[in-house]
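Below you'll find the structure, written out as C-alpha cells, and then a few comments.
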Amino acid sequence: MTAEGERARAPASSTNALRSAPAADVAPPVAPNLVRPREIPGARHVGRNTLEILVFRGLSTPLALVLVVLQSRFLEPSGRGAYVLGVLTVTIFSRLLGQLGVAVANRLREEAGETRDLVQRALALGVLTGAAAVPLIALFGAYAADIGRDVALLAALALIPNVIWQTISGVLLGLARVRLWNYIQLGSPVLTTVGLVALVVWLDTGVRGAVLAWTVANVVTAALALVATRDLWLPLRLPRLGDRTGRLLARLAVTMGAVQVVN
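Following this note's numbering, the numbering of the sequence shown begins with 92 at its first residue and continues without gaps.
Written out as C-alpha cells, the structure is:
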C-alpha cells in the first residue's frame, strides 16, 4: 500500500483533522451591531430648500420697502422716531432671547435628545424671561426713550410673542422644515403691512396704531406658529428649567443672542 493510501485511511488526528476552509469563509464577518450614522435633516433636499429660501426672501424685500414707505408717508417725524425706538428696543431684547430655538437645534445635533422636551423648555424659558423683560422695556421706553407710556407698553407687549415665534423658527430650521420656517418668517411683515394700512392709512391712528399693528402681527404670527408646530410641543407637561439641560439652553441662547446684538 502506498503512503498516500495509508494517509487517506488513517483516522483523523490533530494533525490531519484541519482542512482548508472554502474561499467564502475568509470574508470578514458582518457586525450585527454596526450603527448607521444619523442622517442630517434636509441633507437630501438642499437645492429645493435653498430655492424656497431665495423665493421667500425675494418676497420679503418688497414688503420691507412698503413698510418704510407707509411709515414715512403717513407718520409724523416724531411718530416715526417713536415707532422705530419702540420696535428697536423690543428687537434688541428679542435677539437676546429668541435664539432658544437655535440652541435646541444645537443640542439635537450634538446628542440624541427628545425634541418635545427641549422645545417645551425653550418656550418656557422664553415666556418667563420675556415676561420679566416686559416692564423693563415699558419703563425704558416711557422715561429713557421718551416715546410715551402707551406706545412703550404696546411695543413691550410684543416681546413674548416675538420670542415665541423666533424660538419656533430656530427649531424648524434645525429640523430642516424650511417651508414652514419661510411662512413664519414672512408672517410678521405681511400682517404688519396689513395692520398699518388698516390702522394708520384708513383710520389715521398715528404712531399708536402703527405700534399696535406691529404688536398684533407678532401675536398672530406666534399663535399660527404654535398651531402649525403643535406636534413639537404637545402634549404639555411641566418642563424642568433649573437642571443642566435648561441652564445649557439658556446659556447658549444668551451667548448667541449677544453676538447677534453686537454684530
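Ideal Cβ positions, reconstructed from N, Cα and C, are used throughout, including at glycine.
Inset, instruction - Tell me whether D241 sits in a helix, a strand or coil according to DSSP, three-state version. - result: Here D241 sits in helix by DSSP.
Inset, instruction - Specify the secondary structure class of R331 as computed by DSSP and reduced to three states. - result: Residue state, collapsed to three classes: coil.
Legend entry - For G189 and I228, the rounded distance between their alpha carbons: The alpha-carbon of I228 is positioned some 16 Å away from that of G189.
Inset, instruction - Would you identify the three-state DSSP class for P326, choosing helix, strand or coil? - result: Residue state, collapsed to three classes: coil.
Inset, instruction - Taking only the alpha-carbon atoms, compute the straight-line gap between L340 and V318 and give it to the nearest angstrom. - result: Rounded to the nearest whole angstrom, the CA to CA distance from L340 to V318 is 23 Å.
Inset, instruction - Within the same chain, show all residues whose beta-carbon is closer than 7 Å to that of N273, passing over the 5 residues directly before and after it, in chain order. - result: Hits under 7 Å: E143, I144 and F147.
Inset, instruction - Starting from the C-beta of P280, find all residues in its chain whose C-beta is less than 7 Å away, skip the five residues before and the five after it, and write them out in chain order. - result: S151, L154, A155 and L158.
Legend entry - Segments of 4+ residues assigned as alpha helix (DSSP H) that fall wholly inside the region 173-243: The region 173-243 is shown to contain whole alpha helix (DSSP H) runs of 4 or more residues at 191-201 and 206-230, in chain order.
Legend entry - alpha helix (DSSP H) segment containing R270, residue limits: Unbroken alpha helix (DSSP H) run through R270: V269 to L287.
Legend entry - Exposure label - G217; buried when at least 16 CB within 10 Å: Per the 10 Å Cβ criterion, buried.
Inset, instruction - Tell me whether R198 is buried or exposed, calling it buried when 16 or more other Cβ atoms sit within 10 Å of its Cβ. - result: Under the 10 Å beta carbon count, R198 is surrounded by 16 or more other beta carbons and is classified as buried.
Legend entry - Y234 classed as buried or exposed, judged by whether at least 16 other C-beta atoms fall within 10 angstroms: Counting Cβ neighbours within 10 Å, Y234 comes out exposed, since fewer than 16 surround it.
Inset, instruction - Give a yes or no on contact between the region 307-325 and the region 166-176, applying the rule of three or more CB pairs nearer than 8 Å. - result: No: fewer than three Cβ pairs fall under 8 Å.
Legend entry - Extent of the continuous alpha helix (DSSP H) run through L264: Where L264 is concerned, the enclosing alpha helix (DSSP H) stretches over L250 to G265.
Legend entry - Contact under 9 Å by Cβ, G232 with L176: Closer than 9 Å, so yes.
Inset, instruction - Give a yes or no on whether the C-beta atoms belonging to T312 and G278 are separated by under 9 Å. - result: The Cβ atoms of T312 and G278 lie closer than 9 Å to each other.
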